[in-house]
Structures are given as structure tokens and as C-alpha cells.
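Asker: What follows is a structure written as C-alpha cells; I'll ask about it next.
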Amino acid sequence: MITSEDIRERGVPDFKPGDTIRVEYRVVEGNRERTQAFEGLCIARRGSGISQTFVVRKNSFGVDVERIFPLHSPKIAGIKVISRGAPRRAKLYYIREKVGRKARVKKAR
Numbered sequence: 013m014i015t016s017e018d019i020r021e022r023g024v025p026d027f028k029p030g031d032t033i034r035v036e037y038r039v040v041e042g043n044r045e046r047t048q049a050f051e052g053l054c055i056a057r058r059g060s061g062i063s064q065t066f067v068v069r070k071n072s073f074g075v076d077v078e079r080i081f082p083l084h085s086p087k088i089a090g091i092k093v094i095s096r097g098a099p100r101r102a103k104l105y106y107i108r109e110k111v112g113r114k115a116r117v118k119k120a121r
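Here my numbering runs 12 ahead of the position in the sequence shown, where the first position is 1.
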């Protein structure tokens with residue numbers, strides 16, 4: 013069971029939709045466990061408390077991939093903010109229809 017003290021101890025960085033983040037998460041393959049990175053644009057954050065989630069979108073070999081992560085999951089080894097963005101919306105779902113340069117978010121000053 014995860015308590016409120018566990019949540020405070022994890023030290024989740026402050027990030028918002030529009031930020032480029034790198035999520036390190038644990039993957040179990042057979043009897044081995046390794047850490048895999050998923051770096052992309054955070055397009056949404058939802059929920060509150062223990063059930064909070066966020067959506068990260070990246071382009072991998074020409075295919076756009078989205079993944080939903082539970083913020084307080086024990087499978088997440090770490091979250092690092094690569095760059096800050098300055099979008100004008102809380103949910104950036106419109107990025108799904110954009111391609112190339114149009115799919116970029118302005119950088120924060």
C-alpha cells in the first residue's frame with residue numbers, strides 16, 4: 013500500500029503539459045529487470061492524489077507513440093524534465109493531428 017509519506021519521499025519533479033520529459037521505468041523480462049527510457053512531450057496530466065496520470069507522446073522511427081504513466085507507480089524509476097514548454101492549453105491533444113514542425117510547442121522563456 014502506498015501512503016502519503018511515500019508520495020512525498022519520491023520527489024516527483026514539477027512538470028506540466030508542454031514540457032519534454034524523460035521517464036525511466038522498470039521493465040521485467042523473464043527473471044531480469046531493467047530500466048527503459050521513454051522521452052517525449054507531455055501532452056496531458058489528469059487526476060489527483062494517488063491516481064494521478066500523465067500522457068507522454070514521442071516519435072519513434074516515424075511512428076508516433078503515446079503512453080500513459082501513473083505518476084506514483086513503483087515501476088517508474090525516475091522522471092527528468094529535459095525542456096520547458098509554454099503551451100496555451102492544459103491538454104495538448106491537438107498535437108495528434110499535427111505533423112513535423114507544426115507539432116512543436118513554443119519553448120518557455
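Beta carbons are placed, not taken as given, at the ideal position from N, Cα and C, and that holds for glycine.
If you're wondering where the values come from, they're calculated on a predicted model, not measured in any experiment.
Classify G59 as helix, strand or coil using the three-state DSSP reduction.
Answerer: In this structure, G59 counts as coil in the three-state DSSP scheme.
Asker: Give the single residue among I91, E51 and P25 whose Cα lies nearest to the Cα of D76.
Answerer: The shortest C-alpha separation from D76 is found at E51.
Asker: Look up I80 in the DSSP assignment and give the residues it is bridged to.
Answerer: Per DSSP, V67.
Asker: So what's G74 in DSSP terms, helix, strand or just coil?
Answerer: G74: coil per DSSP, three-state reduction.
Asker: Just verifying my parser: in three-state terms, what is the DSSP assignment at S95?
Answerer: The answer is strand: DSSP assigns S95 an E or B state.
Asker: For T32, count the other beta carbons within 10 Å of its own beta carbon; 16 or more makes it buried, fewer makes it exposed. Which is it?
Answerer: Burial call: buried.
Asker: If the criterion is Cβ atoms closer than 8 angstroms, does the pair P99 and P25 meet it?
Answerer: No, the pair does not count as a contact, with Cβ atoms beyond the cut-off.
Asker: Under the rule that 16 or more other beta-carbon atoms within 10 Å means buried, what is V39, buried or exposed?
Answerer: Classification for V39: exposed.
Asker: Between the beta-carbon of F81 and the beta-carbon of V35, is there less than 8 angstroms?
Answerer: Yes; because the gap between Cβ atoms is below 8 angstroms, this pair is in contact.
Asker: Need the endpoints of the beta strand (DSSP E) that R113 sits in, please.
Answerer: It is not in any beta strand (DSSP E) - R113 carries neither H nor E in the DSSP assignment.
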